[in-house]
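Right, one structure below, let's go through it.
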Amino acid sequence: MAETSFLEVKNLVVEYTSDKQVIHAVNNASFSLKRGETLGLVGETGAGKTTIAKTILRILPDKAAKIKAGEIFFEGEDLLSISEEKMRTIRGNESAMIFQDPMTALNPTMKVGVQISEAILLHNNCSKQEGKKRAEEMLEKVGIPGQRFNDYPHQFSGGMKQRVVIAMALACNPVLLLSDEPTTALDVTIQAQVLDMMKDLKTEMETSMIMITHDLGIVAEVCDTVAVCYAGEIVEYGSVVEIFDQPMHPYTIGLFGSLPDMNGGRARLTPIKGMMPDPTNLPKGCFFQDRCPYASDECRKKHPDLNNAGGTHTVRCIRKGDEQNA
Amino acid sequence: MKKEEKSEKRRSQFSIVLERLARNKGAMAGLIIMILILIVVLFGEHMTPYSYFHQDYMAMFEFPSKDHLLGTDSLGRDILSRLLYGARFSLIVSVGSVIFSAVIGGILGAIAGYYGGVVDTVVMRFLDVYQSIPGLVLCMALSVVFGSGVYTTMLALGITGIGGYARILRAQVLQVKGNEYIEAARAAKAGDLHIILKHIIPNAISPVIVSMTMGVGSGIIAIASLGFVGLGIPTHLPEWGAMLSDGRSYMGTYPYMVLAPGCCIILTVLAFNLFGDGLRDALDPRLKD
Amino acid sequence: MGKYIVKRILWLIPITLLVIVFVYTILFFAPVDRARAALGMGASEQAIAEFNEKNGLDKGYLGGLIIYLKNLLHGDFGVSYYTSVSVSKQILVRLPYTVKLAILATTFGVVIGLPLGILAATHQNSWLDSLTMALTMFFSAMPTFWFALILVMIFSLHFRWLPSVGYESWKNYVMPVVSIGLHVSAIIARQARASTLEVIRSDYVTTARAKGQKESKIISDHVLRNGSIPVITVAGGNLAAMMGGALLIEQIFTIPGIGTYLFSGIASLDIPVVLGCVTMLSVFHGLIIVLVDIIYTFVDPRMKVAIIQNSAKKKILRGGETT
């Protein structure tokens, strides 16, 4: 396992402090990613997905957020222990991020082309003209005419802005791409276009990707492996086939239950009852206990470990592999 | 987000604001000074050994000493006594004028924002006029027209301040008006007055309170400015700006005559500004952390 | 854009007219006998009647207003009740001093305040930030005219380095400019800090960080421009207010600008003098606001669209959301 995975996150713990309260955003999260593969990081809002991605790039707000523990090995190097200068050569170069909201991710007073070439000039020893040329190429690659180099973000539609953001992230041919819900802010029709384009570019550039999403449809379409995130920890992990064929954690099952089924004829959606636990006051025992239909006394006492469930499939539930297979 | 919550939640919101405010050192310092000033305003005349108008021709231009802690002025009056007595003019006039501006301006702005159309246009043009005349100029003109006096100065200052509050309230009302719960109240056939009083005002009030707190500070400066040029509070009363103006002629030799009133003004204004600043941060904590 | 500017400038005409009516109304109904004030208590009935006729005071409220507006149409601001000197001539002679003072003080305020505010924001919660905030708090609570007196006390009366009255040499302008400028810089520093903090938290700054950009370049390329946008409004508004608002400072340093003139007019309820100055102030104010809008379009490309549509402007200024 160690020789093939080029990104490995181990026992990551991240906390925020706000108004003297400690928010436990990421609790002991571990997962790995093989070269060329796509990992889907799935979970509802506030599950800590974005925090994990930002921790990998080390772009968390430095005053409010603290990385309490953990290691992140990227191509054999622990990103959490290297210097800030070294980290800067990785950011935007070997590893880049696509942000959720294209409306706010672009600087409103800077030409989009300049924003793309910013990364190119930073990481490549090239002249301004060459940077401009490559930025124009990137624009063309995401389906925007190169002449629009000199336009400002407000002159683009939402979908076009997200293409610019993608062009920006891919400008230096990163080996690892972190996509934070890249299509959530877009219209449904545009979503498919942007997603298809990302898939094509990813294959063309042989990029590995972490796809953060709450949309299981996107997972099925683009991911190879899935990590289900709940209250800042990974509750289930496995290949797409394993997770989709045999979801084991009650939360994952719940996620599928709240998905409209086009061909199954199930009349009603079954939403997961209740809310995620307060991240400033996580319960003892399993974090999912209050919403879990199978919760027992043991679940309230002991925090479950990740248990192997055959193959690469692991699940953080004491009931793993029991009757829920039916 | 805080807007949709019910009264129970609002109460807890209120206690959160108080808690944040209590943790703000600047705001608390401001509050303490404000309380001290209030005590001076209420009991100032009983706290001093001399009355503010007592003239002692044997003790003119005395430097600060045991008898006169801050010295005496050109007529041998005890400066400390005068300053303590003078606090009431700055404070009462400023607070009174701010309340006047906020009530009149607030009503104007709320009406303009709520009804829109012609009413709004008329009020907006009126505000344009307000905006193109510097506040101090308008205030001086009004104060000359109304004549000197405590209430006339309050009125002059109060009228000058109307524009700002009208603007704030109009903007707030426009913002709040677009919310769904207003539409819901309308759909439930609630009257205009009911909607304005029960829904719009409570939601628009916090920037007004912050602005009023700061307004007291700038009001005190305005009163002193008027006093400095001989307008506003009658000159025989120990208003701080007038005392500054008195001391100005002698400041080369007797600097304390200018320093002392100035420090009083700064301290008072600082107190209100610190508290207002803290209040704003507590009500809108986005910029903290 | 050009059409828009012309429209905005034409719009100043009705506003200025309203200003004139407003101020005229306030002054006209003041309980004061202008003729006796000008001619002395012992003036004859005939002299008083002549005075009133000459100054249009016998025509009543509306008549006087119409005469004034008619004369204004010909560019005639009238004459002072008491000195009979032409108001427009006085304004023209005095304007350069006031403009010089206003521009110097505002420049001083921006040059000191903007970098200080940005530094405070980028070093939030450091000692530099606390010191800046404490100083700006202090300076914004201090009356400028009091500070001017303190400066005079130190630099004129004690050290005798700078002249306390007069207007001929650059030395005369040091203390007036500093006393107003420090106050302005305090206000600008606080505004710059607040808007910079908002920009630093924005998503596009995180984006720049994710590109591997250096912190110093992030500040210079991304934060500076966006953070200084609201500062333009503050500086512009201040410049406009100072065209007449430097009244006390002009008095203290005996600078023969608009402020001293306006004050003498107000104190004696000299309607033509006050109206002339206020008209000029209101036009200046309007022009400066238009100028500020034009500067916006250079700093923020969104503003060109927003200003012309004249709708989303406030929204952009407040947050930066462009939905």
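Heads up: the sequence lines are chains A, B and C, in that order. Okay, so the first sequence: first residue is 1040 according to the numbering used here, each after it adds one. Okay, so the second sequence: first residue is 159 according to the numbering used here, each after it adds one. Okay, so the third sequence: first residue is 533 according to the numbering used here, each after it adds one. Every residue gets a Cβ at the ideal spot worked out from N, C-alpha and C, and that includes glycine.
If we define contact as Cβ-Cβ less than 7 Å, is residue i a contact residue for chain B?
{"i": "Pro675 of chain C", "result": "yes"}
{"i": "Ile761 of chain C", "result": "no"}
{"i": "Met685 of chain C", "result": "yes"}
{"i": "Leu694 of chain C", "result": "no"}
{"i": "Trp543 of chain C", "result": "no"}
{"i": "Leu823 of chain C", "result": "no"}
{"i": "Ile650 of chain C", "result": "no"}
{"i": "His817 of chain C", "result": "yes"}
Please state whether the Cβ-Cβ distance between residue i and residue j is less than 7 Å.
{"i": "Leu660 of chain C", "j": "Ala724 of chain C", "result": "no"}
{"i": "Thr1089 of chain A", "j": "Val1065 of chain A", "result": "no"}
{"i": "Ala653 of chain C", "j": "Leu428 of chain B", "result": "no"}
{"i": "Asp1263 of chain A", "j": "Glu1076 of chain A", "result": "yes"}
{"i": "Ile1129 of chain A", "j": "Val1048 of chain A", "result": "no"}
{"i": "Ile623 of chain C", "j": "Met812 of chain C", "result": "yes"}
{"i": "Gly263 of chain B", "j": "Ala342 of chain B", "result": "no"}
{"i": "Val1052 of chain A", "j": "Lys1107 of chain A", "result": "yes"}
{"i": "Lys1241 of chain A", "j": "Met1248 of chain A", "result": "yes"}
{"i": "Val815 of chain C", "j": "Val619 of chain C", "result": "no"}
{"i": "His1288 of chain A", "j": "Cys1356 of chain A", "result": "yes"}
{"i": "Lys1105 of chain A", "j": "Glu1054 of chain A", "result": "yes"}
Looking at chain A, is there any beta carbon in it that lies within less than 7 Å of the beta carbon of residue i?
{"i": "Tyr536 of chain C", "result": "no"}
{"i": "His754 of chain C", "result": "yes"}
{"i": "Thr638 of chain C", "result": "no"}
{"i": "Thr829 of chain C", "result": "no"}
{"i": "Ala742 of chain C", "result": "yes"}
{"i": "Arg834 of chain C", "result": "yes"}
{"i": "Thr738 of chain C", "result": "yes"}
{"i": "Arg757 of chain C", "result": "yes"}
{"i": "Asp661 of chain C", "result": "no"}
{"i": "Lys846 of chain C", "result": "Model confidence at Lys846 of chain C stands at a pLDDT of 44, short of 50, so the residue's coordinates are unreliable; what they give is reported in the following sentence. Lys846 of chain C does not count as touching chain A."}
Closer than 7 Å, CB to CB, is residue i near chain C or not?
{"i": "Ala299 of chain B", "result": "yes"}
{"i": "Asp442 of chain B", "result": "no"}
{"i": "Asp231 of chain B", "result": "no"}
{"i": "Ile1098 of chain A", "result": "yes"}
{"i": "Pro207 of chain B", "result": "no"}
{"i": "Ile363 of chain B", "result": "no"}
{"i": "Glu1157 of chain A", "result": "yes"}
Give the DSSP-derived three-state secondary structure of residue i in the structure shown.
{"i": "Cys1346 of chain A", "result": "Before going further, note that residue 1346 of chain A is Asn rather than Cys in the sequence given. Note: Asn1346 of chain A maps to strand in three-state DSSP."}
{"i": "Asp225 of chain B", "result": "coil"}
{"i": "Ile1357 of chain A", "result": "coil"}
{"i": "Leu1051 of chain A", "result": "strand"}
{"i": "Thr1222 of chain A", "result": "coil"}
{"i": "Val551 of chain C", "result": "helix"}
{"i": "Phe1112 of chain A", "result": "strand"}
{"i": "Asp286 of chain B", "result": "helix"}
Here's the rule I'm using: 16 or more other beta-carbon atoms within 10 Å means buried, otherwise exposed. How should residue i be labelled?
{"i": "Leu176 of chain B", "result": "exposed"}
{"i": "Glu1220 of chain A", "result": "buried"}
{"i": "Asp1284 of chain A", "result": "exposed"}
{"i": "Leu689 of chain C", "result": "exposed"}
{"i": "Lys1180 of chain A", "result": "buried"}
{"i": "Met669 of chain C", "result": "buried"}
{"i": "Lys621 of chain C", "result": "exposed"}
{"i": "Ser173 of chain B", "result": "exposed"}
{"i": "Asn1132 of chain A", "result": "buried"}
* When the Cβ atoms of the region 313-324 of chain B are set against those of the region 242-258 of chain B, are three or more pairs found closer than 8 Å? -> Look at the beta carbons and you see the region 313-324 of chain B touching the region 242-258 of chain B: at least three pairs across the two are nearer than 8 Å.
* To do: Would you check if the region 1168-1182 of chain A and the region 1248-1258 of chain A touch, i.e. whether three or more CB-CB distances between them fall below 8 Å?
  => No, they do not touch.
* Asked: Just checking, does the region 798-818 of chain C make contact with the region 562-570 of chain C on the three C-beta pairs under 8 Å criterion?
  -> Three or more beta-carbon pairs separated by less than 8 Å link the region 798-818 of chain C to the region 562-570 of chain C, which places the two stretches in contact.
* **Contact between the region 215-231 of chain B and the region 183-201 of chain B (3+ Cβ pairs under 8 Å)** => The region 215-231 of chain B is not in contact with the region 183-201 of chain B.
* Asked: Are the region 656-670 of chain C and the region 695-713 of chain C in contact at 8 Å, needing three or more beta carbon pairs?
  -> Cβ pair count under 8 Å is below three, so no.
* Inspect the CB distances between the region 759-779 of chain C and the region 607-622 of chain C and report whether three or more fall short of 8 Å. => The answer is no - the region 607-622 of chain C does not touch the region 759-779 of chain C, with fewer than three Cβ pairs under 8 Å.
* To do: Mind the definition here: the region 1201-1210 of chain A touches the region 1141-1159 of chain A only if three or more C-beta pairs lie below 8 Å; say whether that holds.
  => In short, these stretches touch, since the Cβ pair count reaches three.
* Would the region 727-745 of chain C and the region 753-769 of chain C be scored as touching if the rule is three or more Cβ pairs under 8 Å? -> The region 727-745 of chain C vs the region 753-769 of chain C: in contact.
* Would you check if the region 182-189 of chain B and the region 419-437 of chain B touch, i.e. whether three or more CB-CB distances between them fall below 8 Å? => Yes: at least three Cβ pairs fall under 8 Å.
* To do: Decide if the region 744-755 of chain C is in contact with the region 677-697 of chain C; the criterion is three or more beta carbon pairs, one per stretch, under 8 Å apart.
  => Contact annotation: the region 744-755 of chain C does not touch the region 677-697 of chain C, with fewer than three C-beta pairs closer than 8 Å.
* Asked: Is it true that the region 355-366 of chain B meets the region 418-426 of chain B, where meeting means three or more beta-carbon pairs spaced less than 8 Å apart?
  -> Contact between the region 355-366 of chain B and the region 418-426 of chain B is absent, with fewer than three C-beta pairs closer than 8 Å.
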